[in-house]
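Taken in order, these protein sequences are the chains called A and B.
Taking numbering that gives the first Met the number 0, the leading residue of the first sequence gets 0, the next gets one more, and so forth.
Taking numbering that gives the first Met the number 0, the leading residue of the second sequence gets 0, the next gets one more, and so forth.
Quick notes on the structure that follows.
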Amino acid sequence: MGIKDKLKTGVQRNLNQKYIRRLLDIIAKKPVLFAYGSTFSSLSDKYLNIFTIKSLRNAYTDNNHPVGYGSLFLPYEMFHALGITPFLPEVMAGFTAGLGLATQTLKEASSNWYSQDLCTFHRSASGAVELDVFPKPDFVITTNLACDAAQKSFYIHSVKYNIEKNFYLIDVPYEYSKESILYLTGQIKNICMDISSKSGIKLATSKFKEVISLSNEFRKWAIKVNNLRKTLTNYPPYYNGLNFILPFHGLAGTREAVILYNQMYKELKKYLDKEEKEKSGKNKSLKRILWLHLKPYYKNEIFNILERENCRVVFEEINYIYWPELDPERPFESLAKKMLSHFLAGRIDNRINVILKAARDYKIDGAILFSHWGCRQSNGGARIIKDSLNKLNIPTLVLDGDCVDQNNSSQGQVKTRLQGFVEILNS
Amino acid sequence: MDILKNKINDISAFFEKTLFSTDKRPLVGWFCTYTPEELIVAGGFIPVRIFGRKKIIKSESYFPINFCPYIKSSWESLLSGADNLKAVIFTNSCDGMRRFFDTANKYLKDTPSYLLDVPHLRGVDSIDFFANNLNNMKRFIENLNGKKISNKEIKNAIILINKKRKLLKKYSQISTKLPELISISSYFKVMELSMISAPEIFTDDLERYIKFIREADTENMTNLQPNYENTPGIMIIGNFITEEKLWGMLSTMNLKLASDDLCISSRYFEKQIELGDDSDFLNLTAERYLNKPQCMRMADLGLKLKEIENNIIKNNIEGVIFISLKFCDTMLYSFPLLKQKLNDLGIPALYLEIEYNNFSEGQLKTRVQAFLEML
Chain A
0 MGIKDKLKTG VQRNLNQKYI RRLLDIIAKK PVLFAYGSTF SSLSDKYLNI
50 FTIKSLRNAY TDNNHPVGYG SLFLPYEMFH ALGITPFLPE VMAGFTAGLG
100 LATQTLKEAS SNWYSQDLCT FHRSASGAVE LDVFPKPDFV ITTNLACDAA
150 QKSFYIHSVK YNIEKNFYLI DVPYEYSKES ILYLTGQIKN ICMDISSKSG
200 IKLATSKFKE VISLSNEFRK WAIKVNNLRK TLTNYPPYYN GLNFILPFHG
250 LAGTREAVIL YNQMYKELKK YLDKEEKEKS GKNKSLKRIL WLHLKPYYKN
300 EIFNILEREN CRVVFEEINY IYWPELDPER PFESLAKKML SHFLAGRIDN
350 RINVILKAAR DYKIDGAILF SHWGCRQSNG GARIIKDSLN KLNIPTLVLD
400 GDCVDQNNSS QGQVKTRLQG FVEILNS
Chain B
0 MDILKNKIND ISAFFEKTLF STDKRPLVGW FCTYTPEELI VAGGFIPVRI
50 FGRKKIIKSE SYFPINFCPY IKSSWESLLS GADNLKAVIF TNSCDGMRRF
100 FDTANKYLKD TPSYLLDVPH LRGVDSIDFF ANNLNNMKRF IENLNGKKIS
150 NKEIKNAIIL INKKRKLLKK YSQISTKLPE LISISSYFKV MELSMISAPE
200 IFTDDLERYI KFIREADTEN MTNLQPNYEN TPGIMIIGNF ITEEKLWGML
250 STMNLKLASD DLCISSRYFE KQIELGDDSD FLNLTAERYL NKPQCMRMAD
300 LGLKLKEIEN NIIKNNIEGV IFISLKFCDT MLYSFPLLKQ KLNDLGIPAL
350 YLEIEYNNFS EGQLKTRVQA FLEML
C-alpha cells in the first residue's frame, strides 16, 4: 500500500479532528513531506499537494493566526493581507469525495435536516462540520457570487461554532456598474476593518500592497499557462486543470500560487516545445474538449474514457482569468472589481462570452457541461449554453452526475453518454 | 350559521368587480415580493403576479429536472402568452430566478423583461444601492410606454398600495380571529386576487368584504369562539405555496391558521412605506422593501428566525407546518436552523416538500392528520 492509500485508509478509519491534526503534523515534517512529494509525477502536482497540506496544517494546528472559513470566489487576497488562514469547506467537500468520506458526511447532513435535493459540495461540508471534522473557525466569510448555497450553509456553520457575529456575507451586485463597485468596495473595506478590529491584527497597507502584487504575479503566470494551452495537446501524466481550485482561489495573493503557476508554465512549455520540435508527432485526429463546471472528485473513469477515445480536455472554464490586473494602491476597489468581473456573476451572457471565447481560442471540437446535481446556477443555463455553442456547430454534452456523491451518479450511464458524444464528434 | 359561512366564503360574489374588471390598462408581470408594485402602478400599468398554473411540458426542455417547479410552470405560462403581458419584472431572488430571467431574455423576444437587483443585506448602504436600482427599474417602465413617471404618480401609487397592504393585514387579522367563519381556502383566494388584480378595484371590494364580515362578527361573535378554543394554532412557513387543493384540504381539518410566513401572505403585505416629509420616494420604497419580513434569500438567517420566533410567541403557536416547493435552495437551507430553533422552543414541526400544480392529497393528508393528532 502506497503512502497516499495509507493516508486515505487512515482518515476513513479515524474521521476526527484530532487524528487529522496529528496526520497533518506528521506529513508536514520535512522528510515525510519530501517522501510524500516524491510520489507525484510532476513538480506542479507535487507543489499543489504540498501547498495544500501546508495550508490545511495551518488551518488545523496553527494557533497564531485566526482561521477563516471562506467560500469559493471570494477575494482571498483579503485573507492573506489580514493574516487569516483560509479554510475552504467547499474544496474540502471535494476532498471528502476523493478520500471516500462523503458517504459519512452526507449521511450526517441528512440526519441534520439537509435536504437531499441540495448541492453535495455544501451538504458534505455541512456534514463534516456537524461531525466536527473541520477546524474551528474564528471568522466565516462568504459571498452570493454564483450561487445561493454558500451564503446559507456558511451561516449555519457560524451558528454551529457560535460565531454568528463573525459571519460576513459579501453581497455582490448583479451588474458591473459604478454604483456596484462603490457598494462592493464599501463592504470589503468594512469587513476587513471589522475583522482587523476583532482579531487585533493591524491591516498594514504595505502588507496589502505586497499581497496584491503577488496576486498580480500569480495572475500573470496563470494567463501564460492558459495561453500555452491554446495549442498544447500533450500534457504531463495526471495533469488535470480541474484540480487547481484551491490555489486558484484560496492561495491568490501568496507566494505559493506564484511558484505553482510558474512551475506549471515551465512544465507545459517543455511539452509544447517538444510538440513543436516533433511536428509529425502531433495528434491530428485528437478531439479538443472544453470542460464546463467541475468534475467528480471521487475515483471515476471519465477522463480515462476520453483519453481512450482520443479526446482531450484542452481548457476548463474555471481556469479563465476573468479579472483585470489589481491596483496595489486601491486594494479594496480592485478586489471589488475582481468579484464583479466574475463570469458567473450577473447575466448568463457573461458566462456565454467566456465559453465562446474559449471555444475560439482553444479551437474546441466539443464541450462537456458537467451537470452537478443541485447546482441550479449552472444547470439552469445549460439550454442557453448548448444553443449558443450549437450556433458555432460545436456539439455540447450535458453530462448529469454528482461531483461529490458517487452513489448519485451511474458510471455505466456516464460511459454510454460519453461514447455517444464521441461518436457525434467523430461523425 | 352555515348560511352565513357559505356567504362569507363565496369569494367570487364579493369580488365580482375585481374578477370581471373592465380596466384596460396593460399588465406588467412580476414574481417576487421584493418587486415594488408601486412603480408599475405609477407607470400606468396593472401589476400582475405570475402564478404559472400551467402544466409543465415545453419547460422541461429549458430547465433541468431538479429545478424550481414554480419557475417551470411560470415559463410555460409565459411561452403560451396566456397572460398577455406588456413586460415582465424579475428579481435576483435566487439562482433559479436569475436563470429564468436569462431564459426569458433569450427566448421570449416579444415581451421585454427586466431584472431588479435586490441586495441581500439590510442597512443604509444597501438601501441607497437599492434605491438606485429602483431608479433603473423606473426607467425601464418609462420606456415601455414612452412616458416619464412623475414624483406625484409615485406618491399616489404608494398611497394606493399602502392601502391595499393595510386592508390585507386587517383581513388577515380577522381571518385568524374567525377561523370558523373564514376558511383557509378563502383566505388564500383573497390573497391571490390581491396580487393579480387592478389594485383600485380590489381594495374597494376588499373594503366592502371586510365591512360585511365585521358586521357578521359583531352579531355572531359569542357563538363562534368556543368551537376553536381547543383547536391547535398552526403557523405555516413556506415559499410560493399557492396550491388550492392544499388550502382546501387544510380547511377541512381540525386546525387554526394562527400565523404564517409565506410570500403569498404576510411577507407580501406586512410593513408600509412610511410617507413623511421626505420626498425621496424611491429611497422610502427601498427602505420598506428591504426591511419588510424577509424572505429566506436574505443574508441574515438569524434575523429571520427571530421574526419567526416572535410570531410563534405572539400568536401562541402550537405547531409549525413547513412547506417548501421542491428544489428551493434558500428555503431548504433554512430548515436545519429552523428545526433547531423550534426544538428549543418546544414547538413540533412538520416538514413537507411539494411540487407545483401537482398535488398528492392522500399522502399529505395522512401526514398532516398524524401531526395534528400528535399536537
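C-beta: ideal position from N, C-alpha, C; glycine also.
Label residue i either buried or exposed according to how many other C-beta atoms from any shown protein chain fall within 10 Å of its C-beta, with 16 as the threshold for buried.
i             : result
residue 288/B : buried
residue 186/A : buried
residue 30/A  : exposed
residue 228/A : buried
residue 405/A : buried
residue 264/A : buried
residue 324/B : buried
residue 245/A : buried
residue 132/A : buried
residue 293/B : buried
residue 221/B : Only weak support is given to the placement of residue 221/B: the predicted model assigns it a pLDDT of 48, under 50, and the value that follows is read from those uncertain coordinates. Residue 221/B should be labelled exposed.
residue 47/A  : buried
residue 296/B : buried
residue 373/B : exposed
Pull up the distance between the alpha-carbon of residue i and that of residue j, whole angstroms please.
i             : j             : result
residue 326/B : residue 302/B : 23 Å
residue 192/A : residue 182/A : 16 Å
residue 45/B  : residue 373/A : 36 Å
residue 359/A : residue 393/A : 10 Å
residue 76/A  : residue 344/A : 19 Å
residue 256/A : residue 403/A : 25 Å
residue 197/B : residue 289/A : 50 Å
residue 149/B : residue 100/B : 28 Å
residue 64/B  : residue 81/A  : 43 Å
residue 61/A  : residue 127/A : 20 Å
residue 219/A : residue 355/A : 22 Å
residue 315/B : residue 52/B  : 34 Å
residue 66/A  : residue 346/B : 36 Å
residue 404/B : residue 363/B : It is not possible to answer for residue 404/B, since the shown part of chain B is limited to 0 through 374.
residue 230/B : residue 254/B : 6 Å
Which of the three DSSP states is assigned to residue i in this structure?
i             : result
residue 85/A  : strand
residue 276/A : helix
residue 403/A : coil
residue 189/B : helix
residue 427/A : This structure does not reach residue 427/A, given that chain A is present from 0 up to 426, and the question cannot be answered.
residue 234/B : strand
residue 68/A  : strand
residue 191/A : helix
residue 370/A : strand
residue 221/B : Confidence is the limiting factor: at residue 221/B the pLDDT is only 48, short of 50, which leaves the residue's position unreliable, though a coordinate-based value still follows. Reduced to three states, the DSSP call for residue 221/B is helix.
residue 44/B  : coil
residue 253/A : coil
residue 228/A : coil
residue 89/B  : strand
residue 396/A : strand
residue 287/B : helix
residue 423/B : Since the first residue of chain B shown is 0 and the last is 374, residue 423/B is not available in this structure.
residue 306/B : helix
Less than 7 Å between the beta carbons of residue i and residue j, yes or no?
i             : j             : result
residue 133/B : residue 281/B : yes
residue 380/A : residue 347/A : yes
residue 3/B   : residue 84/B  : no
residue 335/B : residue 407/A : no
residue 291/A : residue 368/A : yes
residue 256/B : residue 233/B : yes
residue 31/B  : residue 329/B : no
Start and end of the beta strand (DSSP E) containing residue i?
i             : result
residue 81/B  : That residue, residue 81/B, is in no beta strand (DSSP E); it is neither H nor E in DSSP.
residue 375/B : Lying outside 0 to 374, the shown extent of chain B, residue 375/B is not represented and no answer is given.
residue 164/A : Neither: residue 164/A is in no beta strand (DSSP E) and is coded neither H nor E.
residue 321/B : 318–324
residue 175/B : Premise fails: residue 175/B lies in the alpha helix (DSSP H), 150–176, not in any beta strand (DSSP E).
residue 350/B : 348–353
residue 289/A : 286–291
Along the chain, where does the alpha helix (DSSP H) containing residue i start, and where does it finish?
i             : result
residue 35/A  : 29–36
residue 358/A : 347–360
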